[in-house]
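**Q** With the numbering used here applied, the sequence shown corresponds to residues 14 to 984, in that order. For glycine and all other residues, C-beta sits at the position ideal for the given N, C-alpha and C. Computed from a prediction, not measured in an experiment: that's the story for all the values here. Input: one structure, supplied below.
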Amino acid sequence: MPNTSSNTPLHDPTGGTVPGATEIKTTTCYMCACRCGIRVHLRDGEIRYIDGNPEHPLNQGVICAKGSSGIMKQKSPARLTRPLRRIAGRDRGESAFEEISWEEAFALLEKRLAHIRATDPKRFALFTGRDQMQALTGLFARQFGTPNYAAHGGFCSVNMAAGMIYTIGGSFWEFGGPDLERAKLFVMLGTAEDHHSNPMKVALSKFKRSGGRFISINPIRTGYSAIADEWIPIRPGTDGALLLALIHELIQDDRIDHEFLKKFSNSPDLVCLDDSAENGLFLRDPQREAVNEDLPQNKYAWDQVRNVPVQRETDQTEHFALTGEFVMPAGPHHGKRVATAFELLRREVEACTPEWAGSITGISPSRIRLLAKELAHAAFEQAFELPIAWTDAWGGHHDAVIGRPVAFHAMRGLAAHSNGFQTVRALAILMSLLGTIDRPGGFRHKAPYPRQTPPRVRNVSDETQIKPNTPLGAAPLGFPARPEDLCVNANGQPIRLDKAFSWEHPLSAHGLMHNVITNAVHQDPYAIDTLMIFMANMAWNSTMNTTSIRALLNAKDVEGNFKIPFLVVCDAFDSEMVSFADLVLPDTTYLERHDCMSILDRPISEFDGPVDAVRIPIVPPQGECKPFQEVLIELASRLKFPAFTTADGGRKFKDYPDFIVHYETAPGSGIGFLSGWRGPNGDQSLRGEPNPKQWEMYASNNCVHHYEMPIEHHYMRNWNRGYMKFAKEMGLRQKEDPIQIAIYSEILQHFRQSASGQRPGRQPPGHLRARVATYFNPLPFWYAPLEYGATALADYPLNAVTQRPMAMYHSWDSQNAWLRQIHSHNYLFINPITAKNAGIEDGGWLWVESQWGKVRCMGRTSEAVEPGTVWTWNAIGKSDGAWHLQSGADEARKGFLLNHLISEELPLEGTGRISNSDPITGQAGWYDVRVRIRPAAGDEPEITYPQSHTPSTTAATSAPTELAYFAGSLK
Ligand code: SF4
């Protein structure tokens, strides 16, 4: 058996003489978003196989089916190889293109974009899919001057990011995760095997081998859940109720970390209860200066020994009251009624008993009670100390860090609901009650997090920040902290095309890509000119309501002009979306280009310090493919964006690698896209002058840079004085003030106050007042997904959800010859009891219907799904002919999408329609849809419904090639 993790190349397993010169190059995988280190083995310059890089900190040599199949991405016949322009007079969706040169493409774009930029920059919209260079795409949009920019987060997991960041200052996956090396109990909620994939597998395997107990809470038992010690099935969209009941139990049994909550959260801070302008806000001492003007910390706590209010910002927290209601004595707040934030949480969850949660979740009350006891037992009876000295923000010295070995992990199963933000808040608060934030065995941050709750990044909030031929006056995306931060005009109407940061979805930190096409076609809130889409299959699996969106992409006005006048699509493969483009820009694969996973963006940091990574070209681009990064640099230079132009009007950056090396966030800041080998000699980390040899240094170091912090900076980083100083010096944070956990979110209360008419300044439109007042509860609460209110639940009794399979990532692998052998079509998985009640047989054809649409597919019965849920793999089904699959391929005839059953909008009183999203963050409510199932009639055709056709682009795609892999000779 060959050792596939060794450093010895495995070029010829048959043992024959190896012909040709061999070499190994390292880079970073991009067959999914996990960014494992890989070794690409070449013979005579041609890729022979790919394996995991044992020297890479993230995956330590482990590779998955997708990663090792990257070679077939290179060999796909669906590669686009030249720029294409839709033939005049032909419809979108016909794939009727003519080849043009890059110079023609650039000239066309330059002229069009220059005109938009000089007249009304917001008529250009740039939306990207699962791109890993949002720091660059966001910079491009900002320099262009358009607020209409976002990546995929709004339809992915923005609730997970925002819910956690607004509460504890960090989030799961890229910005934090479970410390399974030291945890004793691990609880995973709503997670398939798609995020943090290989690192999670490695950690889980070690965790289980060392005796850890793993509980999975999920409607479906697949992937990681399949190896859990216990699976607790739960109804989709109800995790919030479970989490609130666990909080209820821990508070009732007083099994919480008092010391942690008093010192490191806003639990003891006094909230005004009077019906005044301060209602629901923390009282503040006007005599004391606020350290941070965004999140003033000059608050009060109640000293329960002396029975007086005292300064909250102090090291002397042991006397603070955690519960109770008080009246302020003489002084600036004389007579005001106050309660601690924790007291308000206690009251909020008082009715959230296990019996209440049991009726919502389907989990027995006794199991919920036992789970609360298990969590507390791990946190308190199994607690330990590590002898690591550290100093807190108030100067208090600690000889050790306390370990609370109960860890959690959660993902889209919690996030992709219209109640997801408050559910994720509940999870973050549960973790905080147990004292497991940035402590050994619990949740731990990864640089650049933790950051303030929320980070001090403000988005465009005023129309005057958008001016012709001028960069935006603020970032396109940010973290609003007040209604004044919303992206609305003087009438309170949305400024952005996707209506992000409007009163409809005030905290939409990642935008709402799922509404862009619908809004653009309806010219709501206004008409745009050019929509540029990168790496997002919006005409198929990345959109809700797929059939209707495909029609909208082709919609014309009465004069026959497209309602979206110009559509640019950049992709490496001939996807369903490409066929709708007016201009197609052929992208490279991840093995053909430079890339960076930057600290300015989403790095691959470890718990012990910042880590970033790069890709370097392994092989030259096919045909005339050009990395989208190069396209952006070229356009930014031609359009003379200030950040891309020298003082004398010349071009500042030769190309993308040159840009990455020389760009600094501010002139002379020493902070750029890459943190490794900075400074003239390449001997500085994180901060230093640009180093012209930086790419070479990454290339000779496994394409990864790992800065290991001193041990005293590894834990308690929200309040760790040494770490905070380091983080500010290195540009990871703007200030050094402590990041207190927001058990009570005053930020949400500001919005609620406006909606209730208690706050001057910006006010929501009348039809949204009740909505904002209801959902912007400063304490977590559970409500049924919004779609339920628009659905006859008795007619649609089942929940329907999707997951990504282990062997395919979105639709990226539809054309991958190896991976298609694992998944070429999908089934609807149904609990046997549910299937029997509906008269559906294992393997039989059936209809699954929502109020929005219907799908015919094949079903499989499975005990690994709770009876009220049906589910399938996403993005396996294809439009017939797309991706250069043969007409009639299994993907089109037997594969299907659930997207046809999901609406991108819901009805709303007052305006008629609103995005099908979380009312706080705009997170797409993918998993809220309700369905019913019935057997297909015996005489129906045995193919999936609906069927659609996408003609293959005949121009400029690569010819199929074969690979003589084990034959010992070159093809
Ligand atoms: S988990 Fe993702 S990044 Fe890692 S090897 Fe697999 S496909 Fe590549």
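When every heavy atom of the ligand SF4 is checked, does at least one fall within less than 7 Å of the C-beta of Met610?
**A** No, since every heavy atom of the ligand SF4 falls outside the 7 Å radius drawn around the Cβ of Met610.
**Q** Classify Asn912 as buried or exposed, calling it buried when 16 or more other Cβ atoms lie within 10 Å of its own Cβ.
**A** Under this definition Asn912 is a buried residue.
**Q** By Cβ distance below 6 Å, which residues in the same chain neighbour Leu859 in space, the five residues on each side in sequence not counted?
**A** Closer than 6 Å at Cβ, skipping near neighbours: Ile853, Gly872, Ile946, Pro948 and Ala949.
**Q** When every heavy atom of the ligand SF4 is checked, does at least one fall within less than 7 Å of the C-beta of Lys79?
**A** Result yes, Cβ under 7 Å from the ligand SF4.
**Q** Flag this pair as touching only if the segment 418-438 and the segment 351-366 have three or more C-beta atom pairs under 8 Å; answer yes or no.
**A** No, the segment 418-438 is not in contact with the segment 351-366.
**Q** When you compare each of Ala783, Leu93, Arg130 and Ser280 to Ile113 by their alpha carbons, which one comes out closest?
**A** For Ile113, the nearest C-alpha among the options comes from Leu93.
**Q** Alpha carbon to alpha carbon, how far is Asn715 from Ser698? Give it in angstroms, no decimals.
**A** If you take the alpha carbons of Ser698 and Asn715, they lie about 16 Å apart.
**Q** Taking only the alpha-carbon atoms, compute the straight-line gap between Trp884 and His347 and give it to the nearest angstrom.
**A** Approximately 58 Å, taken between the alpha carbons.
**Q** From the DSSP output, in three-state form, read off Gln300 for me.
**A** Residue state, collapsed to three classes: coil.
**Q** Use the C-beta contact count for Pro299: other C-beta atoms within 10 angstroms, 16 or more gives buried, fewer gives exposed.
**A** The residue in question, Pro299, is exposed, as its Cβ has fewer than 16 Cβ neighbours within 10 Å.
**Q** Starting from the C-beta of Cys870, find all residues in its chain whose C-beta is less than 6 Å away, skip the five residues before and the five after it, and write them out in chain order.
**A** The residues are Leu841, Phe909 and Thr957.
**Q** Given this structure, state the Cα-to-Cα distance separating Arg765 from Leu898, to the nearest angstrom.
**A** Approximately 52 Å, taken between the alpha carbons.
**Q** Which parts of the segment 752-817 are runs of the beta strand (DSSP E), unbroken and 3 residues or longer, counting only runs that do not cross its ends?
**A** List check, beta strand (DSSP E) in window: 811-816.
**Q** Taking a contact to mean a Cβ-Cβ separation below 8 Å, would you say Gln753 touches Phe277 in this structure?
**A** Cβ atoms of Gln753 and Phe277: closer than 8 Å.
**Q** Kindly indicate which three-state DSSP category Asn472 falls into: helix, strand or coil?
**A** DSSP places Asn472 in strand when its eight states are reduced to three.
**Q** Relative to the C-alpha of Trp690, which candidate in Ile673, Lys665 and His718 has its C-alpha closest?
**A** Nearest option by C-alpha distance: His718.
**Q** Report all residues from its chain with a CB closer than 6 Å to the CB of Phe188; omit the five preceding and five following residues, and keep chain order.
**A** Taken in chain order, the residues that qualify are Lys459 and Tyr462.
**Q** Check each candidate in His535, Leu485 and Ile240 and name the one with the smallest Cα separation from Arg926.
**A** Comparing Cα-Cα distances from Arg926 to each of His535, Leu485 and Ile240, the minimum goes to His535.
**Q** Could you check where the beta strand (DSSP E) with His719 kicks off and where it finishes?
**A** From DSSP, the beta strand (DSSP E) with His719 extends over Val717 to His719.
**Q** Restricting to Cα atoms, I'd like to know which of Thr602, Gly622 and Ala656 is closest to Gln635.
**A** Nearest option by C-alpha distance: Thr602.
**Q** Pair every Cβ in the segment 516-525 with every Cβ in the segment 927-946, then say whether three or more of these pairs are closer than 8 Å.
**A** In short, these stretches touch, since the Cβ pair count reaches three.
**Q** Where are the beta strand (DSSP E) runs, 3 residues long or more, that stay fully inside the segment 887-963, in chain order?
**A** With a minimum length of 3 residues, the continuous beta strand (DSSP E) runs that stay inside the segment 887-963 are 918-921, 925-928 and 943-948.
**Q** With DSSP collapsed to three states, give me the class of Tyr162.
**A** Correct three-state label for Tyr162: strand.
**Q** So what does DSSP say about Gln991, is it helix, strand or coil?
**A** The structure shown does not extend to residue 991, since the chain spans only 14 to 984, so no value can be given for it.
**Q** From the DSSP output, in three-state form, read off Asp252 for me.
**A** In this structure, Asp252 counts as helix in the three-state DSSP scheme.
**Q** With 16 other CB atoms within 10 Å as the buried threshold, where does Glu394 fall?
**A** By the neighbour-count rule (16 or more Cβ atoms within 10 Å), Glu394 is not buried but exposed.
**Q** Just confirm the distance between the C-beta atoms of Ser611 and Leu687, as a whole number of angstroms; I'd bet it's less than 8 Å.
**A** Contact holds; Cβ gap of about 7 Å.
**Q** Taking the beta carbon of Asn532 as the centre, do at least 16 other beta carbons fall within 10 Å, making it buried, or is it exposed?
**A** Flag for Asn532 reads buried.
**Q** Which term fits Gln145, buried or exposed, when burial requires 16 or more other beta carbons within 10 angstroms of its beta carbon?
**A** Result: buried.
**Q** Looking at Asn211 and the ligand SF4, is the gap between the Cβ and the nearest heavy atom below 7 Å?
**A** Yes, the Cβ of Asn211 comes within 7 Å of a heavy atom of the ligand SF4.
**Q** Taking the alpha carbon of Asn172 as the point to measure from, which residue in Met557, Asn72, Thr477 and Met424 has its own alpha carbon closest?
**A** Nearest of Met557, Asn72, Thr477 and Met424 to Asn172, Cα basis: Met424.
**Q** With which residues is Leu544 paired in a DSSP beta bridge?
**A** In DSSP, Leu544 forms a bridge with Ala138 and Leu580.
**Q** Less than 7 Å separating the Cβ of Asn72 from some heavy atom of the ligand SF4?
**A** Result yes, Cβ under 7 Å from the ligand SF4.
**Q** Does the structure place the segment 587-604 close enough to the segment 84-98 that three or more beta carbon pairs sit under 8 Å?
**A** They touch, by the three-pair rule.
**Q** If you draw a straight line from the alpha carbon of Thr466 to that of Ala755, how long is it in whole angstroms?
**A** Spanning the two alpha carbons is a distance of roughly 7 Å.
**Q** How is the alpha helix (DSSP H) around Leu598 delimited, first residue to last?
**A** Element bounds for Leu598: not the alpha helix (DSSP H) but the beta strand (DSSP E), Leu596 to Pro599.
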